[in-house]
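Notes follow the structure.
Number of protein chains: 2
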Amino acid sequence: MNYLFKALNDETRRQILEMLKEKDMTAGDIADAFNISKPSISHHLDILKRADLVSAQKEGQFITYSLNTTILEDVLKWILTLKK
Amino acid sequence: MNYLFKALNDETRRQILEMLKEKDMTAGDIADAFNISKPSISHHLDILKRADLVSAQKEGQFITYSLNTTILEDVLKWILTLKK
DNA sequence: TAGGTATTTAGATAAATATCTAAATAATAT
DNA sequence: ATATTATTTAGATATTTATCTAAATACCTA
Numbered sequence: 213m214n215y216l217f218k219a220l221n222d223e224t225r226r227q228i229l230e231m232l233k234e235k236d237m238t239a240g241d242i243a244d245a246f247n248i249s250k251p252s253i254s255h256h257l258d259i260l261k262r263a264d265l266v267s268a269q270k271e272g273q274f275i276t277y278s279l280n281t282t283i284l285e286d287v288l289k290w291i292l293t294l295k296k
Numbered sequence: 213m214n215y216l217f218k219a220l221n222d223e224t225r226r227q228i229l230e231m232l233k234e235k236d237m238t239a240g241d242i243a244d245a246f247n248i249s250k251p252s253i254s255h256h257l258d259i260l261k262r263a264d265l266v267s268a269q270k271e272g273q274f275i276t277y278s279l280n281t282t283i284l285e286d287v288l289k290w291i292l293t294l295k296k
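Sequence lines, in order, name chains A and B.
Just so it is clear: in the first sequence, position 21 is 233 by our numbering, and no numbers are missing.
Just so it is clear: in the second sequence, position 49 is 261 by our numbering, and no numbers are missing.
Following this line, the structure appears as structure tokens:
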């Protein structure tokens with residue numbers, strides 16, 4: 213739960229998730245969408261991956277990232293229990 | 213949205229919300245439930261208040277905090293849009 | 001195998017944050 | 001009025017985190 217909230221607590225990472233909602237993207241394409249260095253984006257992707265919010269598929273030279281929404285169930289449940 | 217996720221990104225603060233779900237509590241009672249100094253808890257309560265996740269009612273010498281779940285709708289909506 | 005492209009890892013740095021103690025504020029009670 | 005209790009504010013510190021540049025790794029192609 214901690215990892216999840218940590219991963220979601222960053223505007224850049226949330227935007228990455230929103231982009232991946234539309235379509236799978238390579239690390240490079242994701243990085244190009246931001247005014248942030250590739251290593252920094254790589255770090256953000258790593259955090260998202262550790263939180264299981266995205267998955268990575270190596271395709272030759274490229275690494276394609278996909279959104280994983282199943283883990284979001286946990287957040288949803290937690291919030292819903294608060295709302296009684 | 214940023215404030216909200218920031219506020220939720222802390223185990224202590226999430227526990228406070230869970231406690232307030234059960235019943236309203238004074239700052240002191242909340243602080244007593246943790247192994248953390250009162251000023252630190254006061255700071256956490258301030259962050260929750262700024263995020264509009266709790267409200268505070270002054271009752272004489274005491275300040276009673278209550279959970280405010282309406283703002284959680286925003287988080288729910290954001291997550292649900294990700295889930296398509 | 002040599003060179004190019006995609007991505008990550010390593011190491012450094014500045015900013016944000018959680019925590020503490022001490023002091024300030026505010027209300028109550030003697 | 002003074003002391004006591006509840007809470008916050010101020011200031012300091014250690015840890016975490018987002019970012020950068022430079023270097024390493026991995027794959028592809030000629």
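Even for Gly, the Cβ is constructed at its ideal location relative to N, Cα and C.
Given the structure is predicted, the values throughout are model-derived calculations rather than measurements.
### Task
Taking all protein chains shown into account, decide if residue 255 (chain A) is buried (16 or more other Cβ within 10 angstroms of its Cβ) or exposed.
exposed
### Message
Using a Cβ-Cβ cutoff of less than 8 Å, which residues in the same chain neighbour residue 218 (chain B) once the five nearest sequence positions on both sides are dropped?
### Response
259, 263
### Message
Can you tell me where the beta strand (DSSP E) holding residue 269 (chain A) begins and where it ends?
### Response
Where residue 269 (chain A) is concerned, the enclosing beta strand (DSSP E) stretches over 266 to 271.
### Query
Does any residue of chain B bring its CB to less than 9 Å from the CB of residue 250 (chain A)?
no
### Query
If you draw a straight line from the C-alpha of residue 272 (chain A) to the C-alpha of residue 213 (chain B), how long is it?
37 Å
### Task
May I ask you to report which of helix, strand or coil DSSP gives residue 231 (chain B)?
helix
### Alpha-carbon to alpha-carbon, residue 249 (chain A) and residue 238 (chain A)
15 Å
### Query
Between the region 223 to 241 of chain A and the region 274 to 291 of chain A, are three or more C-beta pairs nearer than 8 Å?
Touching, yes.
### C-beta atoms of residue 295 (chain A) and residue 284 (chain B) nearer than 9 Å
Yes, Cβ-Cβ distance for residue 295 (chain A) and residue 284 (chain B) is below 9 Å.
### Message
Given this structure, state the Cα-to-Cα distance separating residue 244 (chain B) from residue 235 (chain B), to the nearest angstrom.
### Response
15 Å
### Task
Could you work out which residue in B:279, B:288, B:293 is closest to residue 227 (chain B) when comparing CA atoms only?
Looking only at B:279, B:288, B:293, the smallest Cα-Cα distance to residue 227 (chain B) is reached by B:279.
### Query
Would residue 260 (chain B) count as contacting chain A if we go by Cβ distances under 9 Å?
no
### Message
Strictly below 7 Å CB to CB, what residues from chain A border residue 229 (chain B)?
### Response
294
### Task
Would you kindly work out how many angstroms separate the C-alpha atoms of residue 251 (chain B) and residue 225 (chain B), rounded to a whole number?
14 Å
### Query
Do the CB positions of residue 287 (chain B) and residue 232 (chain B) come within less than 9 Å of each other?
no
### Query
According to DSSP, is residue 278 (chain A) helix, strand or coil?
The answer is strand: DSSP assigns residue 278 (chain A) an E or B state.
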